[in-house]
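Numbered per the numbering used here, the sequence shown spans residues 116 to 548.
The beta carbon of each residue, even a glycine, is placed where N, CA and C say it ideally should be.
If you're wondering where the values come from, they're calculated on a predicted model, not measured in any experiment.
Reading through the structure tokens given below for one structure.
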Amino acid sequence: MNALRFPSEFVWGASTSAYQIEGATKEDGRGVSIWDTFAATPGKVRNGDTGDPGADHYHRYAQDLDLMRELGLRSYRFSVAWPRIQPNGSGKPNQKGLDFYRRLVDGLVDRGIRPMVTLFHWDLPQALQDAGGWESRDTALRFAEYAEIVFGALHTRDWLTINEPKTVVDCGYRQGVHAPGIADWDRALVACHHLLLAHGLASRLLHERHPGRRIGPALNLHPTYPAEDTQACRDAAERQDVIENRLYLDPIFKGYYPEETLPADRSHIREGDLAVISEPIDLLAVQYYTPVFVGPDQLRVIKHTTRQAGWLEDYPDGFHDILTRVHRDYPAVPLVITENGLATDDEPGPDGRVADEDRVSYLRGHLAAMHRAMKAGVPVEGYHVWSLMDNYEWAEGYAQRFGIVHVDFESQKRTPKDSAIWYRDLIRTGELH
116 MNALRFPSEF
126 VWGASTSAYQ
136 IEGATKEDGR
146 GVSIWDTFAA
156 TPGKVRNGDT
166 GDPGADHYHR
176 YAQDLDLMRE
186 LGLRSYRFSV
196 AWPRIQPNGS
206 GKPNQKGLDF
216 YRRLVDGLVD
226 RGIRPMVTLF
236 HWDLPQALQD
246 AGGWESRDTA
256 LRFAEYAEIV
266 FGALHTRDWL
276 TINEPKTVVD
286 CGYRQGVHAP
296 GIADWDRALV
306 ACHHLLLAHG
316 LASRLLHERH
326 PGRRIGPALN
336 LHPTYPAEDT
346 QACRDAAERQ
356 DVIENRLYLD
366 PIFKGYYPEE
376 TLPADRSHIR
386 EGDLAVISEP
396 IDLLAVQYYT
406 PVFVGPDQLR
416 VIKHTTRQAG
426 WLEDYPDGFH
436 DILTRVHRDY
446 PAVPLVITEN
456 GLATDDEPGP
466 DGRVADEDRV
476 SYLRGHLAAM
486 HRAMKAGVPV
496 EGYHVWSLMD
506 NYEWAEGYAQ
516 RFGIVHVDFE
526 SQKRTPKDSA
536 IWYRDLIRTG
546 ELH
């Protein structure tokens, strides 16, 4: 096939998150997070794995920054660990925590790599969970105070507020398979509202106090399709779309919730909240992994190839469809892809090479679909592969590898996989073959 060319100004990057890679969970004044607590609870995480050692990035960040430069990355999206900044979720900041992220940002800038900072990637301070977590309105207010501390400390342009509020709501509060491990839909909807309120409060703060910077949420969007061409399946797919996508897009862009998601008791939704939640955003971070095909019984049907992660179907057309749908149905803002990737069972061969052909195939297909959406007028300005390196994959522990760089978790040796070399060449040429 002919090479697909990307604009010269297109920004290529990679993403990580604090709890997944940093390790050092008890060092330099860091407080306890809900993921420390959840991982330490028997039976919650595969093999009893915890966030230590992660990829030991807290100690090896300079080496990792050099690796990013060698791969030609132009952007690095990372998250700040709230418990490193405020060990108990409020009060005076922990200077050693701020200093770590300052060193990280300075190191990126020195290497010509743009920082993109995520304020919250699921590691809520345990002290706030003990006081009610995201079911408490106070947590959203505490988040705004935390955001202002980080805004003041890190002089970067692009900010993301909440990473995947849907995963917190669905996995943490509806199914209970992620921290904090609650399984109650009514409580999940309360948590959802306060997560979105936190996003709005932080966005408003940045606009008021730090003009010239940009901010938006990071939403994992799943295009929904009928599993069969029947009216029952079409209706089911439409219902699924409400909780996969519209529950988050509608309040942020339009200032209201889909009627179907409003609980009988709405006392947690106060006057003025939706005006805060719909504070205009400067960019939307889109995270795409998989479509959702729905049967007439509202249950998901897997219709395409999956690999190490059974929930992740390889369906590039879904990427194109969700990008064009967001552009069509919501006010136009710049889109940045902040996660897209595949878990595969990667180990170095006898020659030391990590041949991850499945990942290269997945990325090639999805980047071609994204290119098609861009040609159709969707304003995508950058792409970040998930993930820069193998890491702690939440409830799966270290059993699933999403990185383009292999990490030996015992020795902490980094080995760029074939996908990393392929990605480096794509960045250099701007051409997808």
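Query: Short of 6 Å in beta carbon distance, which residues of its chain neighbour ARG319, apart from the five on each side in sequence? Order them along the chain.; Result: GLU394
Query: What is the residue span of the beta strand (DSSP E) that ASP365 lies within?; Result: Run containing ASP365: none in the beta strand (DSSP E); it sits in the alpha helix (DSSP H), 362-369.
Query: Runs of 4 residues minimum, wholly inside the region 364-404: which ones carry the alpha helix (DSSP H) assignment?; Result: 388-392
Query: Let me know the secondary structure DSSP gives GLY128 once reduced to three states.; Result: strand
Query: Whose C-beta lies closer than 8 Å to the C-beta of GLN290 among residues of the same chain, with five residues either side of it excluded?; Result: ALA298
Query: Going by beta-carbon coordinates alone, are ILE149 and ALA379 separated by less than 8 Å?; Result: no
Query: State the DSSP-derived secondary structure class of VAL305, mapped to helix, strand or coil.; Result: helix
Query: Taking just the CA atoms, how far does PHE125 sit from PRO341?; Result: 34 Å
Query: So, with DSSP's three-state summary, where would you put PHE235?; Result: strand
Query: For VAL416, does the three-state DSSP call read helix, strand or coil?; Result: coil
Query: By Cβ distance, which residues of its chain are closer than 6 Å to ALA313, with the 5 residues on each side in sequence left out?; Result: ALA255, PHE258
Query: Which partner residues of PHE193 appear in the DSSP bridge assignment?; Result: VAL232
Query: Just to confirm before moving on: does the CB-CB distance between THR339 and VAL409 stay below 8 Å?; Result: yes
Query: Using C-beta distances below 8 Å, list every residue in its chain close to HIS481, excluding the 5 sequence neighbours before and after it, in chain order.; Result: TYR403, PRO431, PHE434, ASN455
Query: Does the ligand FAD have a heavy atom nearer than 7 Å to the CB of ASN209?; Result: Although the ligand FAD was asked about, the structure shown includes no ligands whatsoever.
Query: Apply the 10 Å Cβ neighbour rule to ARG120 and answer buried if 16 or more other Cβ atoms are within range, or exposed otherwise.; Result: exposed
Query: Who are the Cβ neighbours of HIS309 in its own chain at under 8 Å, not counting the five residues just before and after it?; Result: TRP249, GLU250, SER251, ARG252, THR254, ALA255, HIS383
Query: ILE396: which of GLN241, THR405, TYR363, PHE368 sits nearest, CA to CA?; Result: PHE368
Query: Below 8 Å, can you find three or more Cβ-Cβ pairs linking the region 172-184 to the region 271-283?; Result: no
Query: Per DSSP, PRO202 forms a beta bridge with which residues?; Result: BP columns for PRO202 are empty, so no partner.
Query: Thinking C-alpha only, which one of HIS499, GLU353, ALA400, ILE200 is nearest VAL448?; Result: ALA400
Query: Are the beta-carbon atoms of ILE519 and LYS532 separated by less than 8 Å?; Result: yes
Query: Looking at the structure shown, is PRO463 part of a helix, part of a strand, or coil, going by DSSP?; Result: coil
Query: From THR439 to GLY206, what does the alpha carbon distance come to, in whole angstroms?; Result: 43 Å
Query: What did DSSP end up calling PRO332 once you bin it into helix, strand or coil?; Result: strand
Query: By Cβ distance below 7 Å, which residues in the same chain neighbour GLU137 in space, the five residues on each side in sequence not counted?; Result: GLY169, HIS172, TYR173, ALA196
Query: Alpha carbon to alpha carbon, how far is SER123 from GLY545? Give it in angstroms, no decimals.; Result: 7 Å
Query: Roughly how many angstroms lie between the CA atoms of GLN355 and ARG361, to the nearest whole one?; Result: 9 Å
Query: Please report the straight-line C-alpha distance between PRO332 and VAL160, rounded to a whole angstrom.; Result: 27 Å
Query: Just confirm the distance between the C-beta atoms of HIS147 and PRO198, as a whole number of angstroms; I'd bet it's less than 8 Å.; Result: A quick correction: the sequence has Val, not His, at residue 147. Right, the Cβ-Cβ distance comes to about 6 Å (below 8 Å), so this counts as a contact.
Query: Assuming HIS486 is part of the beta strand (DSSP E), what are its boundary residues?; Result: Premise fails: HIS486 lies in the alpha helix (DSSP H), 472-490, not in any beta strand (DSSP E).
Query: Check TYR445 in the structure and name its three-state DSSP category.; Result: coil
Query: Give the straight-line distance between the Cα atoms of TYR216 and ARG192, rounded to the nearest whole angstrom.; Result: 12 Å
Query: Going straight from the alpha carbon of TRP537 to that of VAL407, what length do you get?; Result: 29 Å
Query: What residues are listed by DSSP as bridge partners for SER148?; Result: PRO240
Query: Would you report the Cα separation of ASN162 and ASP461, rounded to the nearest angstrom?; Result: 18 Å
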